[in-house]
Amino acid sequence: MLASVLMIGAHPDDEYVEVLAYAGRNRLARTAYLSLTRGEGGQNLLGPEQNELLGLVRTQELLAARRIDGAEQYFTRAIDFGFSRSAGDTIAKWGRHEVLSDLVWIIRRFRPDVVVQTFEGSSGLEHAHHKASGILAAEAFHLAADGNSFPEQLQRVAPWRAARLLQVVTGLAPEGPAIQIDATQTEPVEGLPLAETARRTRGMHRSQGFDSPARRTPPRCWLSCLAGEPVSGDLFDHVDTTWGRVPGAEEAGLALKEAARLFEPGDPGRTALRLAEARPLVAAIEDPWARVKLRELDETIALCLGVSLRAIGESPEVLPGQLLQVRLEGTGARTTVQVPETQPCSQPYWLEKPHGPHLYTVENPELIGLAESPAPLTVRFIVSAGGRHIEFERPVEAPGESAGPVAVVAPVSVSIPEGVHLFSNSEPRSVCAVVRSHAGGAHGEMTLDVPAGWTVEPVSRPFHLAGSGERTALAFMVTPPPSEARSACTATAAAGGRRISFGLAEVRYPGLARQVALEAARTVLLRADIETFARQVGYVMGPGDTVPAALRQLGCAVTLLGEDELRRGRLERFDAIVTGVRAFNVRRDLHDNRRRLLSYVEAGGAWVVQYSVADRRAPEQVAGIGPYPLSIGRDRVVSAEAPVAFLEPGHPLVSFPNRIGERDFCGWVQERGLYFAAEWDPRYTPLFECSDPGLEPLRGATLYARHGRGVFIFTAFSWFRQLPAGVAGAYRMLANMVSAAKTAG
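Numbering (our numbering), first residue to last: 268 to 1012.
So, in structure tokens, the structure goes:
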């Protein structure tokens, strides 16, 4: 079967797996999903990763999904910068030329017969990234066939004209000719409905909550033709899907067809020999399809022989120049791999160079589009079949389940555990840097680099680490400037003739391959006059929550409230209780203890609730939040610079203990907020008004209500983004909210 389908969407969870599964499993075509972004701007229900590290998580989720549906995975250099309302603005930020270049490059390399876009460029969809993906996919479909477009690519690839461009349509059947994909039909290998394959695949997007049983796949969808050859009912109308499309491949095609006809499930070794005899015929063909099929042929031979070809390193990490023992699975053998002295440290290729907020920098064009970096260490296996030798290259994997490739690391790594250090006055405070050894032992000196206006003592500190994995924390006293300032501070270790200013971030979740990335050993030094009246704060963690660290920077003692603490603990000992972002979506015990929390407020406490998602498929998750009726909507303010109006300038929440003003809404990142309150009881007081340009003003960002002797606050501003970024106003507002019970008038 020589046919191929490329699907194009905006984000890692935009693919229509029903279509991929139908094309790949039922029609046996080569399939792939091309996501413009890695989903860096999304939410994270699994853990604390945001931005680039969240992109790593979602990349691995896509690859886990592809292992289920059998498709390949590609990306452009575009960065998901959060929700957008304008397709034109989105494309301008990404760079039309750059993203189109990536799309055309991938189309020309993959050579799809059919291109499928998941979103229509002219639709009125709310999220403009989706609309932008449709616009760019349609342009790239035509440009890939034009030899005058991106001519610099033609040294490596040839122009490619796909047969047709299709659009996924759900709901009502489209007008005109269309191909219906019925998700209730079964695929031939496992005998499962396509909808079940789609459900399992989409369930891998756990960071976005797609493993929820409330989510359902549509029973059917349609593919409507937008450009190219018209369709009359079949995905590959007017496409030759046989070896007849490849010049000089008749003999190879007949040999492979005969091997398939004679396949015996009980004796696959015979088929391996027949395929080995046909292999030289395929290898001799000069055509891209032959190269694709040669790889498939070799893997099929290995499968028919029952050969497991894996190389497992004895350690998950190795240093440049080091020897690594490797176990060759399936052979019972062991070998030693010498890591080159010049081998760079492992880093995802799209993170190797500094980049802007909207587009990664990738200098090697051969890497553009790849889902992952090539493995730093590989082993070549040679398999003999029918007197012919077939070579296989495999990555050296780290030991353990879903361990990913062995990582090449520096002798030491450096980190500053606290992402922000808040100086509420001019007094010096300690900043700790941690150095960890990845070798048998390491010694050197650590320095803390601070900008002008800040001072640090001592100038350097020595460290001595005896063995691999050992770490030590080195404290420095940092004195801030007298006036408000926000600055970056970097830790550097001098060891073994190298200066190292990065740590090793490990991203690992069940079912996903372990990933490592280099993170700058950097913290934000924030000098801001901030006062808080709260000392003891109880915190109900949401997924990936970093707000407790900010509360500790304010001087609060934070107690994380588990299920037992919420049900039976002494809540009255807390000056405030804070509910994390999306906590109501993932903590059923919050609903179960709602009355207890409201009794805590009534007795004089302060309960601060950050936003949760109003999921139409599970509305009960956010029902009953607050002492009085309140509903959460889907409204948001995308612009981080959107003007904020103060509705109650003298209100205690914006007056005490810190005066909140316009300056506190400067320097925000990504957005103002999301999932604002939509409707509320008049006993709530809205405090702010803001909106994106040209839209109706919204007042549901922060609501305040007295309940008994205490205070309830709902807030949908994105504190979880502003606090790690070191936005002074976010810290001032957080201090006011947790102090609300003590400042209520």
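The beta-carbon is built from N, C-alpha and C at its ideal position, and this holds for glycine as well.
For the pair Gly871 and Gly891, the Cα-to-Cα distance works out to about 20 Å. When the alpha-carbon of Ser351 is set against those of Gly686, Leu320, Ile374, Ala399, the nearest one is in Ala399. Secondary structure in the stretch 442-471: the alpha helix (DSSP H) runs of 4 residues or longer, each lying completely within the stretch, are 461-469 in chain order. Contact between the stretch 364-378 and the stretch 283-296 is absent: fewer than three C-beta pairs spanning the two stretches fall below 8 Å. Under a 10 Å Cβ-count criterion, Glu608 is classified as exposed, with fewer than 16 other Cβ atoms of the shown protein chains found around its own Cβ.
Non-local beta-carbon contacts of Ala1002 in its own chain, meaning distances under 7 Å to residues more than five positions away in sequence, involve Ile797, Glu798, Thr799, Leu821, Pro924, Asn925 in chain order. In this structure, Gly720 lies away from Pro695, with their beta-carbon atoms at least 8 Å apart. Rounded to whole angstroms, the gap between the alpha carbons of Leu523 and Trp361 is 45 Å. The beta carbon of Arg655 is closer than 6 Å to those of Ala543 in its chain, skipping five residues each way along the sequence.
Residues of the same chain with a CB within less than 6 Å of the CB of Ser898, apart from the 5 flanking positions on each side, are Ala945, Glu946 in chain order.
Counting other Cβ atoms within 10 Å of its Cβ, Arg469 reaches 16 or more and is therefore classed as buried.
Following the DSSP letters along the chain, one finds His858 inside the alpha helix (DSSP H) bounded by residues 855-859. Assignment of Thr739 by DSSP, reduced to helix, strand and coil, places it in the strand class. Remark: C-beta atoms of Ser575 and Glu596 approach each other more closely than 8 Å. Selection Val904, Gly917, Glu915, Glu929 evaluated against Gln937 yields Val904 as nearest (Cα-Cα). Listed in chain order, the non-local C-beta contacts of Leu634 below 7 Å within the same chain comprise Tyr616, local neighbours out to five positions each way being set aside.
Within the same chain, Ser754 come within 6 Å of Pro718 by CB-CB distance, once the 5 residues on both sides are set aside.
Around the beta-carbon of Ile649, fewer than 16 other beta-carbon atoms lie within 10 Å, marking it exposed.
Excluding five sequence positions before and after Thr645, the CB atoms of its chain that fall closer than 7 Å to its own CB belong to Glu660, Arg661, Pro662, Val663, given in chain order. With a cut-off of 8 Å on Cβ pairs, the stretch 403-414 is not in contact with the stretch 284-292, counting fewer than three such pairs. Counting the other CB atoms within 10 Å of its CB gives Asp534 a total below 16, which places it among the exposed residues. Counting along the chain, Ile649 sits inside the beta strand (DSSP E) bounded by residues 645-652. With contacts defined as CB atoms closer than 8 Å, Cys756 and Arg789 qualify as a contacting pair. In terms of Cβ geometry, Leu828 and Gly811 do not form a close pair [threshold 8 Å].
Per the C-alpha coordinates, the member of Val498, Asn852, Tyr998 positioned closest to Leu793 is Tyr998. Thr722 has Thr746 as its beta-bridge partners, per DSSP. Per DSSP, the beta-bridge partners of Leu689 are Leu793. Counting along the chain, Phe377 sits inside the alpha helix (DSSP H) bounded by residues 363-377. For Ile657, the pairing in a beta bridge is given by DSSP as Val650. Across the set Asp336, Leu421, Arg428, the C-alpha of Asp336 shows the shortest separation from the C-alpha of Pro460. Short of 6 Å from the beta carbon of Val825, and not among the five residues preceding or following it, lie these beta carbons of its own chain, in chain order: Val804, Tyr806, Pro815, Leu818, Arg819.
Less than 8 Å divides the Cβ of Val371 from the Cβ of Phe417. The straight-line gap separating the alpha-carbon atoms of Val853 and Gln614 is approximately 32 Å.
Going by DSSP, Tyr806 is part of the beta strand (DSSP E) stretching over 803-807.
For His409, the enclosing alpha helix (DSSP H) stretches over residues 395-410. In the DSSP assignment, Thr538 falls within the unbroken alpha helix (DSSP H) covering 535-550.
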